[in-house]
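Engineer: Structure provided below as structure tokens; questions to follow.
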Amino acid sequence: GVVANWGTAVLGADEGDGWIKVGDLFLPKKLEGLPVLQVEERHDYILKSGHPEVETPGLPYCLEKEMPSQYGKVVPWDESIRGVDEGDGFIRVGDSFLPTEINGKRVLSVQENLAYVVCNGTAKLNGTGLPLCTERDMNTGSGVSARWGTVVEGVDEGNGWVRCGNFFVPKILDGEAVLRLQSMCLYTVCDGHPGIASDGLPYYWEKRPSAKHFSRTAAWGSTVTGTDEGDGWVKVDNRYLPKEVDGMPVLELKGRCSISDSSQGGKQPPEPDTAPSRLSQEGPESEPEPDAESGMPSSSGLDDSSAESPDPNQQRPSRKTRSRIRRPYRSSPETGGTAGTAFSSPSPWGMGPPDPGGVPPPSATPGLSLPTQPGMVPNPSPVGSLP
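Be aware that the sequence shown starts at 1, since it is given in full-length UniProt numbering, and climbs by one per residue.
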């Protein structure tokens, strides 16, 4: 009998049938219609410079969700951190918490990923690409590099480094800028073209005429948001549009916008099941899965001499997500919504009948039991731990 304790986090793959596979075991996403697993989404946050009421050199971590529970460790001002928004004014970072506001003044703001072109500069640095470091130090190379001319996405930490997943990339190397912010532009798809019989301008998987995506088009007269690759192509999401066809312009530049405004530039094509990687200008025709250890996508834009070529016939693995175990209680109107009520009938998952006072009784198990096969109903079990 193995259980996932309430409030703990598990890493597993969504089977697509209401179950999450954790190692060789399974967890249900819902019990009697109520969710018990909540996917955690981590975001990057930037800590704004100083606060008049905080005398420490940074924002103190809290053991609990209240400011008096500080324990000495701080996040330096202007640094960025990665955490989970708890939805109650606190960001959870590991087992600690950080407030998003102090007396009405916001101290943590969400950072968005920006796209950067990896450029070799005028000095023509040695090597095939820009090393990805495990720390903010060029001596901590990971053995993986982003090839020159490719595009990486990351968060500018404001200290000369851009964080890409769990890796770090310098903005300047040997006095030369090696990352150039890629600007987004608004384009109007010109009305019609005599050589194109479709109802819009076709998208392309790669920057070559033979890589046409016949089922995806940008409607004539519509507006798209993309980045000019500088070679006659505009990158829109993970696909490409030509600026000219047979010498005739098919895209008209309307203006520039910020990365955060890119979604306002018009309807983008829906994301297919397979698409070239965002870290490469010339990628494979299937989207690579992120590395389980680093959180960084493997890409043709990344140079890793030790990586093996994937088997094209191998079945695509499920994407792993991090989920938190939730107690499956409904809110109780008798208690003002602050307490939950148990289910109206005894549950095979180990939860007893409702308490007459409206306060939910503790479950028979300290967490959610993990059956060995989907569809199996586990019996109440003693305390266990995840494998």
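We treat Cβ as the ideally placed atom computed from N, Cα and C, and that holds for glycine. The structure presented is a predicted model; accordingly, all values stated were derived computationally and were not measured.
Extract the residue ranges of the beta strand (DSSP E) inside the stretch 16-54, only unbroken runs of 3 or more that lie entirely within it.
Structural biologist: Runs found: 19-22, 25-28, 37-39 and 42-47.
Engineer: When you compare only the Cα positions, how much space is there between residue 397 and V10?
Structural biologist: This structure gives no information on residue 397, because the portion of the chain shown stretches from 1 to 387.
Engineer: Would R239 and Y187 be called neighbours here (beta carbons separated by less than 8 Å)?
Structural biologist: The residue labelled residue 239 in the question sits at position 239 within the sequence shown. The residue labelled residue 187 in the question sits at position 187 within the sequence shown. Cβ atoms of R239 and Y187: not closer than 8 Å.
Engineer: Can you grab the Cα-Cα spacing for the pair S215 / M184, in whole Å?
Structural biologist: In the sequence shown, residue 215 corresponds to position 215, counting from 1. In the sequence shown, residue 184 corresponds to position 184, counting from 1. Approximately 25 Å, taken between the alpha carbons.
Engineer: Is S222 helix, strand or coil when you go by DSSP?
Structural biologist: The residue given as residue 222 occupies position 222 in the sequence shown. Three-state DSSP puts S222 in coil, outside helix and strand.
Engineer: Take the Cβ of A4 as the centre, count every other Cβ of all protein chains shown within 10 Å, and call the residue buried at 16 or more, exposed below.
Structural biologist: Numbered from 1 along the sequence shown, position 4 holds the residue referred to as residue 4. Buried: at least 16 other Cβ atoms inside 10 Å.
Engineer: Report yes if the CB atom of L114 is closer than 8 Å to the CB atom of E153, and no otherwise.
Structural biologist: Here the question's residue 114 lines up with position 114 in the sequence shown. Here the question's residue 153 lines up with position 153 in the sequence shown. Contact: yes.
Engineer: What does the alpha-carbon distance come out to for the pair L253 and L27?
Structural biologist: Counted from its first residue, the sequence shown places residue 253 at position 253. Counted from its first residue, the sequence shown places residue 27 at position 27. Cα to Cα, the separation comes out at about 50 Å.
Engineer: Could you tell me whether the stretch 166-186 touches the stretch 226-238, using the rule of 3 or more Cβ pairs below 8 Å?
Structural biologist: Touching, per the Cβ criterion.
Engineer: Rounded C-beta distance between T140 and V118? I'm assuming under 8 Å.
Structural biologist: As a working note, residue 140 is residue 140 in the sequence shown. As a working note, residue 118 is residue 118 in the sequence shown. Their Cβ separation, rounded to whole angstroms, is 18 Å, which puts T140 and V118 out of contact at 8 Å.
Engineer: Hey, how far is the Cα of R82 from the Cα of E157?
Structural biologist: Taking the first residue of the sequence shown as 1, we reach residue 82 at position 82. Taking the first residue of the sequence shown as 1, we reach residue 157 at position 157. Their backbone Cα atoms lie some 11 Å apart in a straight line.
Engineer: If you follow the beta strand (DSSP E) that G1 is part of, which residue opens it and which one closes it?
Structural biologist: In the sequence shown, counting from the first residue as 1, residue 1 sits at position 1. No beta strand (DSSP E) holds G1; DSSP gives it neither H nor E.
Engineer: With DSSP run on the structure shown, which of helix, strand or coil describes S198?
Structural biologist: Position 198 of the sequence shown, counted from the first residue, corresponds to residue 198. Note: S198 maps to coil in three-state DSSP.
Engineer: Under three-state DSSP, which class holds P57?
Structural biologist: Translated into the one-based positions of the sequence shown, residue 57 becomes position 57. If DSSP states are grouped into helix, strand and coil, P57 belongs with coil.
Engineer: Assuming V178 contacts L130 under a Cβ cut-off of 8 Å, what Cβ separation, rounded to an integer in Å, is found between them?
Structural biologist: Residue 178 sits at position 178 when you count from the first residue of the sequence shown. Residue 130 sits at position 130 when you count from the first residue of the sequence shown. Sure, about 5 Å apart at Cβ, within 8 Å.
Engineer: Using the rule of at least 16 other Cβ atoms within 10 Å of the residue's Cβ for burial, across every protein chain shown, is N126 buried or exposed?
Structural biologist: Numbered from its first residue, the sequence shown carries residue 126 at position 126. Label assigned to N126: exposed.
Engineer: Let me know the secondary structure DSSP gives N5 once reduced to three states.
Structural biologist: If you number the sequence shown from 1, residue 5 lands on position 5. Looking at N5 - three-state DSSP - the assignment turns out to be strand.
Engineer: How many angstroms separate the CA atom of V144 from the CA atom of V236?
Structural biologist: Mapped onto the sequence shown, residue 144 falls at position 144. Mapped onto the sequence shown, residue 236 falls at position 236. V144 and V236: Cα-Cα distance of roughly 26 Å.
Engineer: Using the Cβ count rule (16 or more neighbours within 10 Å means buried), how would you classify I172?
Structural biologist: For this step, residue 172 is matched to residue 172 along the sequence shown. Looking at its Cβ environment, which holds fewer than 16 other Cβ atoms inside 10 Å, I172 is exposed.
Engineer: So with Cβ pairs under 8 Å, would you call A4 a contact of chain D?
Structural biologist: Of the protein chains in the structure, only one exists, and it is not chain D.
Engineer: Would L37 and I20 be called neighbours here (beta carbons separated by less than 8 Å)?
Structural biologist: Position 37 of the sequence shown, counted from the first residue, corresponds to residue 37. Position 20 of the sequence shown, counted from the first residue, corresponds to residue 20. Yes, Cβ-Cβ distance for L37 and I20 is below 8 Å.
Engineer: Of all the options S109, K212, P170 and I102, which has the alpha carbon lying nearest to the alpha carbon of E55?
Structural biologist: Within the sequence shown, numbered from 1, the residue matching residue 55 stands at position 55. That would be I102, whose Cα lies nearest to the Cα of E55.
Engineer: Taking 6 Å as the limit between beta carbons, can you name the residues of its chain near A211, skipping five residues before and five after?
Structural biologist: Within the sequence shown, the letter at position 211 stands for residue 211. Only Y204 and W205 meet the Cβ criterion.
Engineer: Alpha carbon to alpha carbon, what distance is there between E32 and S260?
Structural biologist: The residue labelled residue 260 in the question sits at position 260 within the sequence shown. The residue labelled residue 32 in the question sits at position 32 within the sequence shown. With a pLDDT of 39 at S260, under the threshold of 50, the modelled position of that residue is not reliable, and the figure given next carries that caveat. Each residue's Cα considered, the two are about 40 Å apart.
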